[in-house]
Structure formats: C-alpha cells, structure tokens
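Going down the list, the sequences are from chains A and B. Just so it is clear: in the first sequence, position 63 is 70 by this note's numbering, and no numbers are missing. Just so it is clear: in the second sequence, position 11 is 45 by this note's numbering, and no numbers are missing. Every residue, glycine too, gets a C-beta built ideally from N, C-alpha and C. Working notes, structure below.
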Amino acid sequence: SAVISQKPSRDICQRGTSLTIQCQVDSQVTMMFWYRQQPGQSLTLIATANQGSEATYESGFVIDKFPISRPNLTFSTLTVSNMSPEDSSIYLCSVGNGGPEAFFGQGTRLTVV
Amino acid sequence: TQLLEQSPQFLSIQEGENLTVYCNSSSVFSSLQWYRQEPGEGPVLLVTVVTGGEVKKLKRLTFQFGDARKDSSLHITAAQPGDTGLYLCAGGGGYQKVTFGIGTKLQVIP
C-alpha cells in the first residue's frame, strides 16, 4: 500500500489564523480525500480532492473555509481558514485507487486557542 | 445516505476475555472494511469482506459479513492490551464516498 505523509503532525494555532496541511504520497493515486475527526468521534468526509479541478465538498463544508489543492497525483493540501476553537480536531488525508479500501496518513492534530 | 451503526460504542474488558463488535446497516454494501485506529495515528485497514456469509480470520480476529451484506461482526479471542484502540467499520469506497461507523472504543486491561 502507499506510504502517506502528512505535515504538520500537530499544531497549536491562534483563532483567526489559517493553517495549511500537506499530504504527500509515495506513488500516484487516483483518489485523495480529506477527513475530520473530532475528539472521540468517527471520521467525517470534508471533500474529495480532484486533480486539476476544484474539490468536491460534502454537505456542511465550503471552499472558503476549507480550500483544497491537488496539483498532481501524489500531493494535496487542505487549508483550515479563519480558525476558531470549534475547528480543533484531527484532520486526515486518505487515498485510494478505485478499490473499496482507504489508506490514511497519520493525521494532523490541530488545536485552536 | 448509507448509514453504519456500530455497537457497543465503548468496551472495557480484562486481558484474555473474548469480545464481539457489531456493524449494522439498513443498506446493502458491496463490501465492508474494518479499521483499527490507535491514539495519534490514522486508521489502519484490517480486512475487507466482500461475499455475503464470508468469514475471514486475522490471527485472533475473526470477521464475518452477513448473508444479506448489510451487517458485519468482529470477534476477538483472548484479547490482549495491544488490541486496545478504536475499531471502525466502513462501506462504500472505490469511486464513491466511504461511510464510516461511529466506532467502538476498546480498552483491554492487563
């Protein structure tokens, strides 16, 4: 399976600022996704990162708040904009190649103060 | 929207005990996956079940897919502290959205 690296692994940020999370895969992948996992909760899909076009957002998530880039088949970024304490969460990058299985990075633990 | 319900949500047992975790849906899934997530890490895939009635074994873990492909179970025999973690079932995937259950948080006490 692909090796997925996320940076940063954790960060503490001031409210009102923005943080960009990077996801690098060691091989080309068809699908890349971004998830949020709030404390003690399961995973919620934020969006599908589409190469060369705008991401596809799930209900409740918007591009202005969570802009996503995917310039090629191995890299994507998620920005959490104008952060508030409610954005404190684990953000996870996930990849797939058309099969049912999803493979995850180690996650980014974000704390907004 | 396809939903997956997991039970129990929390489980604390002594080392050596057996346990079963359930994943249920009113929808039919072409396959279901089970993941384990440890603190500070992303979920790690344990198994995919595809055929109704299928049983897969991974050491002390036994996974079963319901005949109607609407439910699945995970049975752990003689649980060890290393089994501690969040167990997630998931369905969908491929070029479709993956649906995750709420998870079962397992604690195995030495």
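Query	Result
Buried or exposed for B/SER64, going by 16 or more other Cβ atoms inside 10 Å?	exposed
Report yes or no: is there a C-beta of chain B within less than 9 Å of the C-beta of A/ALA109?	yes
Taking the DSSP output, what are the residues bridged to B/SER41?	B/TYR56
Since B/SER65 meets chain A, which of its residues come closer than 8 Å, beta carbon to beta carbon?	PRO107
Please name the residue in A/VAL32, A/ARG17 and A/ASP18 whose C-alpha comes closest to that of A/ARG77.	A/VAL32
Can you have a look at A/GLN21 and say buried or exposed, based on whether 16 or more other CB atoms are within 10 angstroms of its CB?	exposed
Could you tell me whether the Cβ of A/LEU117 comes closer than 9 Å to any Cβ of chain B?	no
At a CB distance below 9 Å, what residues from the stretch 72 to 105 of chain B approach chain A? Give them in sequence order.	GLY74, GLU75, GLY76, PRO77, VAL78, LEU79, THR82 and VAL84
What residues from chain B crowd round A/SER49, counting only those whose CB sits closer than 7 Å?	LEU122, PHE134, GLY135, ILE136 and GLY137
Can a CB atom of chain B be found closer than 9 Å to the CB of A/GLY103?	yes
Which same chain residues end up closer than 8 Å to A/THR81 when comparing Cβ atoms and leaving out the 5 residues on each side of it in sequence?	GLN31, VAL32, ASP33, SER34, GLN35 and VAL36
Spell out a yes or no on whether the stretch 67 to 83 of chain B and the stretch 97 to 115 of chain A are touching, meaning 3 or more CB-CB pairs, one atom from each, closer than 8 Å.	yes
Is B/GLY127 close to chain A, meaning its C-beta is less than 9 Å from at least one C-beta of that chain?	yes
Among B/LEU92, B/GLY86, B/GLN98 and B/CYS123, whose alpha-carbon lies nearest the alpha-carbon of B/GLN43?	B/CYS123
Quick one: does A/GLY114 have its CB under 9 Å from some CB of chain B?	yes
Going by DSSP, what residue range makes up the beta strand (DSSP E) through A/ARG17?	17 to 20
Going by DSSP, what residue range makes up the beta strand (DSSP E) through B/ALA124?	119 to 126
Quick test of your reading: B/ILE110 and B/GLU49, contact by CB under 8 Å. State the CB separation rounded to the nearest angstrom.	At roughly 11 Å, the Cβ-Cβ gap does not stay under 8 Å, so B/ILE110 and B/GLU49 are not in contact.
Under three-state DSSP, which class holds B/PRO115?	helix
Counting only C-beta atoms, is A/SER88 closer than 9 Å to chain B at any point?	no
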